[in-house]
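This report refers to the structure that appears directly beneath it.
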Amino acid sequence: MSEILDFSKFPLDSHIQAAIAEMGYVTPTPIQVQAIPVVLAGQDVMGAAQTGTGKTAGYGLPALQRILPKANTSMSPARHPVRVLILAPTRELAVQVNESLVKYASKTPLRVGVVYGGVDIKPQADMLRRGVEVLTATPGRLLDHHEGGSVNLSQVEIVILDEADRMLDMGFLPDISRILNLLPKKRQNLMFSATFSPEVKKLAGNFLRNPVLVEVARENATADTVEQIVYQVHDSEKTDVLIDILKGDGENGGPIKQVIVFVNAKITCRRLASTLSRVGISADAIHGDKSQEERMAALEAFKKGEVEVLVATDVAARGLDIAELPVVINYDVPFGAEDYVHRIGRTGRAGAKGKAVMLATGGDSRLVTAIEELTKQKFKPAERRPLSREERRSRYETQRRDGFGEDRPRRGRKEWRDDDREGRRPVDLDLPKMPAPVYDPIFDAPYEPTETTATAETERNQSVQTTVRGQTQGKKKGRVAALLGGLLRK
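Right, dumping it as structure tokens:
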């Protein structure tokens, strides 16, 4: 099907063709060229596609086409059962997929909806009770609606697992199994994943029936258009290096606009965004502790260019689709090599050039090696520009105010960094010095007892030795009761 170079060549309904024409769709991507005909034929699909390759249209357009003959304009909810179910690992991805499907179906009678956690469940339940043919959902919230009786999955014809590897990483396998057991046995199954671990392949074996493999990149690969570089730094230098990269003080030559910085922990996410803001970089944070409204507001500000840097954790950033993202920075090396593939999949999309930067410490060597083995690519080492004393002092004070280093032991005025050539050597942070202690010959001299003191000590020891059982010699003993010390002697 590689001869299809225009969307108009696909056997899609005129209403769907009109909708995608308004969206500016002209030339399909490789995943769309391969997937659309297979899905239209009703076959199961196992898709190997990275984020940003156009896989949503690859499964969404043919899925709409397959159920379109059953669409109607009736107001009865019974005439609008769920026929296409898309499962996504995160709220952000579910919202993004739904937005695309709404546009694809905008000129048809099909109803499209989305449900996810973190928001009030009642409006979602009302929407489901009114009827929706195409439903995008996160697994947990979908089960909540099923238990509440607001959704019926008995007429699902097509089920799609988007980013299946991430759903397994997040522990959704039990929920996915429960959902699949609620669906009709006779259905079409589609699964898309950026990586194919043994767990994903096992799920595919149980879930798919004679699937057609649709692959636009080799397994667990990164895009060839992405330049991958690594800075070897000490943990205390990571923020300084990041600021240099963002401000363009290094090899980039100018400030970077619109960049995602990935971290491993929510507390790091908050602190790093605060530090960047203090040094004049427009930054915001997106992590699991933020409400859905706060996360969506941060995303919108980032897409509009109001925020230049988005600091994010892996879970919160899943499904972000931002055009022409030039750089992705790994402030923390991800614990899983497959997470790295997902992170940098947001740059270098659809043939565009991109850059993936990673800040690695000496303790990250094992993780870096695992990433290189998975992606079959070596990182390009990069050097950083040395900082002046004024820059070191200013940035140290900023990071100290934001709490960086509070979880690590204090090391006084010296911080250590790894240097393969010179071993471990101190880096002077140029902090204010403490005044030298003053030597006092009277108070600092060792203690030596005088003759008078020694004589008094000897007399006291002799007095103690004359004491017998708490009584001084020469004093007549008193009577002691039998219960307290013995019998009375005559």
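In the numbering used here, the protein residues as written are 8 to 497.
The beta-carbon is built from N, C-alpha and C at its ideal position, and this holds for glycine as well.
query, result
"List, from N- to C-terminal side, the beta strand (DSSP E) runs of 3 residues or more that fit wholly inside the region 187–263.", "195–200, 219–222, 233–239"
"What is the DSSP secondary structure of F17, counted as helix, strand or coil?", "coil"
"Measure the alpha-carbon distance for D51 versus G65 and round it to whole angstroms.", "13 Å"
"From what residue to what residue does the beta strand (DSSP E) around F269 run?", "266–270"
"Evaluate contact between the region 36–53 and the region 77–89, counting only Cβ atoms and requiring at least three cross-stretch pairs below 8 Å.", "no"
"So, using beta-carbon positions, are A211 and M53 closer together than 8 Å?", "yes"
"Am I right that Q299 and V158 are in contact with their C-beta atoms under 8 Å? What's the rounded C-beta distance?", "20 Å between Cβ atoms; not a contact."
"Could you tell me the boundaries of the beta strand (DSSP E) in which L94 lies?", "91–94"
"Bridge partners for K273 per DSSP, in chain order?", "Looking at the DSSP assignment, K273 forms no beta bridge with any residue, so it has no partner."
"What residues are listed by DSSP as bridge partners for P88?", "Its beta-bridge partners do not exist; DSSP assigns none."
"Is it buried or exposed, S81, if we count other Cβ atoms within 10 angstroms and call 16 or more buried?", "exposed"
"Can you tell me whether F199 is buried or exposed, with buried defined as 16 or more other CB within 10 angstroms of its CB?", "buried"
"Pick out whichever of G155, G147, G120, H153 has its Cα sitting closest to the Cα of G138.", "G120"
"Secondary structure at T143, three-state DSSP: helix, strand or coil?", "strand"
"Can you grab the Cα-Cα spacing for the pair N79 / E140, in whole Å?", "10 Å"
"At which residues does the beta strand (DSSP E) containing P388 begin and terminate?", "387–389"
"Enumerate in chain order the residues of its own chain whose CB-to-CB distance from A112 is below 6 Å, with the five nearest sequence positions on each side excluded.", "L71, V119"
"Would you kindly report the start and end of the unbroken alpha helix (DSSP H) that includes T382?", "372–382"
"Measure the beta-carbon distance from E315 to A290 and round it to whole angstroms, keeping in mind my assumption that it falls under 8 Å.", "7 Å"
"Considering only their Cβ atoms, is the gap separating I38 from K62 smaller than 8 Å?", "yes"
"So the candidates are S83, V166, K16, D346; which of them puts its Cα closest to the Cα of R73?", "V166"
"On the three-state DSSP scale, how would you describe D291?", "strand"
"Please return the same chain residues whose Cβ sits closer than 7 Å to the Cβ of R417, not counting the five positions on each side in sequence.", "Bear in mind that the predicted position of R417 carries a pLDDT of just 38, short of 50, making it too unreliable to give a figure here."
"Of the residues A363, E222, S161, G124, which one's Cα is nearest the Cα of G147?", "G124"
"What does the Cβ neighbour count give for S243, buried or exposed, with the cut at 16 atoms within 10 Å?", "buried"
"Could you check where the alpha helix (DSSP H) with K62 kicks off and where it finishes?", "62–74"
"When the Cα atoms are used, what is the spatial distance from L283 to A363?", "19 Å"
"Since A319 contacts F269 with CB under 8 Å, what's their CB separation in whole angstroms?", "6 Å"
"Using only alpha-carbon positions, find the residue among V221, G178, Q195, I186 that is nearest to L215.", "Q195"
"Taking the DSSP output, what are the residues bridged to L366?", "Y238"
"Apart from the five residues just before and just after G430, which ones in its own chain have a Cβ nearer than 7 Å to its Cβ?", "For G430, the pLDDT reaches just 37, beneath the cut-off of 50, and the residue's location in the model is therefore unreliable, leaving the point undetermined."
"In terms of DSSP beta bridges, what is D169 paired with?", "F199"
"In three-state DSSP terms, what is L332?", "coil"
"Let me check one thing: in DSSP terms, what residues is T320 bridge-paired to?", "V270"
"Is there contact between the region 91–103 and the region 166–184, where contact requires at least three CB pairs shorter than 8 Å?", "yes"
"Using 8 Å as the cut-off, can you tell me whether the region 97–106 makes contact with the region 183–194, which would need three or more C-beta pairs spanning the two stretches below that distance?", "no"
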